[in-house]
Amino acid sequence: MTKTVILISGRGSNMQAVVQADIPNLHIAAVLSDNPQASGLAWAAAQGIHTAALNPKDYPSCADFNQAMLEMVSAHAPDLVLLAGYMRILPPEFCSRFANQTINIHPSLLPAFPGLHTHQRAIDEGCCLAGCTVHFVTDKLDCGPIIAQGAVPVYDTDTADTLAARVLKIEHQLLPQAVADFAAGNLSIHGKRVHNRRTAGEAGQD
Ligand code: GRF
-2 MTKTVILISG RGSNMQAVVQ ADIPNLHIAA VLSDNPQASG LAWAAAQGIH TAALNPKDYP
58 SCADFNQAML EMVSAHAPDL VLLAGYMRIL PPEFCSRFAN QTINIHPSLL PAFPGLHTHQ
118 RAIDEGCCLA GCTVHFVTDK LDCGPIIAQG AVPVYDTDTA DTLAARVLKI EHQLLPQAVA
178 DFAAGNLSIH GKRVHNRRTA GEAGQD
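Using our numbering, the first residue of the sequence shown is number -2, and each one after it goes up by one.
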């Protein structure tokens, strides 16, 4: 079983997509947050999943909060840490503790538009395509080895909100599939490239 901790900061629709995918060999041990008001926490609790939140305001410094979060996650001894809309930058200690075991979903076609406001930036740059990226997390923000990407068109009439809604639909497909591939042992990291035994097999590369 791949013991998984999911970190969220808000509504948690990607977390819900992973839970509802009912992925073989995946056990969701906890959904944790840096935001006690995150609506995704209530949803996860209603599914019978253990939930907990730490409020950064309760800690004297960001470093203290990060240490507490690292300890809370570590207490579950997860095989996989999933960042599903977790809006904080993980400290290097977290990245190295869970190296090659932490996966993030980012709402752009990386390496374009790391960081925030990705949809508006894609519109402002006149991109014809936008999308999302599932990647392993390293201590370089939004730069880790890419597991999967999905693209959608950008229309002349798009706002950041309409584009975000179109991208979110494919996030909900891409993330559960990437987690399923991790849990099935299909992923191996070779430098910046992730080899996926399933997709390589389907493409006749194996
Ligand atoms: C998603 O767009 C995800 O790519 C980004 O934050 C958003 C979270 O949405 N990292 P949700 O909380 O999963 O609904």
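Don't be surprised by glycine CBs; every beta carbon is placed ideally from N, CA and C.
What residue range is occupied by the uninterrupted beta strand (DSSP E) comprising Val70? Here residue 70 is taken as the residue at index 73 of the sequence shown, counted from 1. No beta strand (DSSP E) holds Val70; the alpha helix (DSSP H) holding it covers Cys59 to Ser71.
By Cβ distance, which residues of its chain are closer than 8 Å to Ser93, with the 5 residues on each side in sequence left out? As a first step, residue 93 is located in the sequence shown; it is residue number 96 there, counting from the start. So the list reads Asp136, once near-sequence residues are dropped.
Limits of the unbroken alpha helix (DSSP H) element including Ala81: Taking the first residue of the sequence shown as 1, we reach residue 81 at position 84. Element bounds for Ala81: n/a, residue is neither H nor E.
Could you tell me the boundaries of the alpha helix (DSSP H) in which Thr115 lies? As a working note, residue 115 is residue 118 in the sequence shown. Taken as a continuous stretch (DSSP letters only), the alpha helix (DSSP H) holding Thr115 covers Thr115 to Asp121.
For the alpha helix (DSSP H) holding Pro150, just list the boundary residues, first then last. To locate residue 150, count along the sequence shown from 1; it is residue 153. Unbroken run through Pro150 is the beta strand (DSSP E), Ile143 to Pro150; no alpha helix (DSSP H).
Please report how far the alpha carbon of Gly201 lies from the alpha carbon of Asn32, in whole angstroms. As a working note, residue 201 is residue 204 in the sequence shown. As a working note, residue 32 is residue 35 in the sequence shown. Answer to the nearest angstrom: the Cα atoms are 44 Å apart.
The stretch 99 to 118 in contact with the stretch 41 to 59 per 3-pair CB rule at 8 Å: No: the two stretches stay apart, fewer than three of their Cβ pairs being nearer than 8 Å.
For the alpha helix (DSSP H) that contains Leu107, what are its first and last residues? Residue mapping note: residue 107 aligns to position 110 of the sequence shown, counting from 1. For Leu107, no alpha helix (DSSP H) segment is defined, and its DSSP state is neither H nor E.
Smallest Cα separation from Pro142: which of Trp40, Ala60, Asn193 and Met84? Working through the sequence shown from its first residue, we reach residue 142 at position 145. It is Asn193 whose Cα lies nearest to the Cα of Pro142.
I'd like to know whether the C-beta atoms of Ser105 and Gly128 end up nearer to each other than 8 Å. If you number the sequence shown from 1, residue 105 lands on position 108. If you number the sequence shown from 1, residue 128 lands on position 131. Yes, the Cβ-Cβ distance between Ser105 and Gly128 is below 8 Å.
Quick check: does the Cβ of Gly141 come within less than 7 Å of any heavy atom belonging to ligand 1? As a working mapping, residue 141 is identified with position 144 in the sequence shown. Every heavy atom of ligand 1 is 7 Å or more from the Cβ of Gly141, so no.
Compute the Euclidean distance between the alpha carbons of Phe133 and Thr196, then round it to the nearest angstrom. Translated into the one-based positions of the sequence shown, residue 133 becomes position 136. Translated into the one-based positions of the sequence shown, residue 196 becomes position 199. Going from the Cα of Phe133 to the Cα of Thr196 covers about 17 Å.
Under a Cβ-count criterion, where at least 16 other Cβ atoms within 10 Å of its own Cβ denotes burial, should Glu90 be classed as buried or exposed? As a first step, residue 90 is located in the sequence shown; it is residue number 93 there, counting from the start. Glu90 comes out exposed.
Where Phe248 and Met66 are concerned, what is the direct C-alpha to C-alpha distance, given to the nearest angstrom? Any question about residue 248 goes unanswered here, given that the chain covers just -2 to 203.
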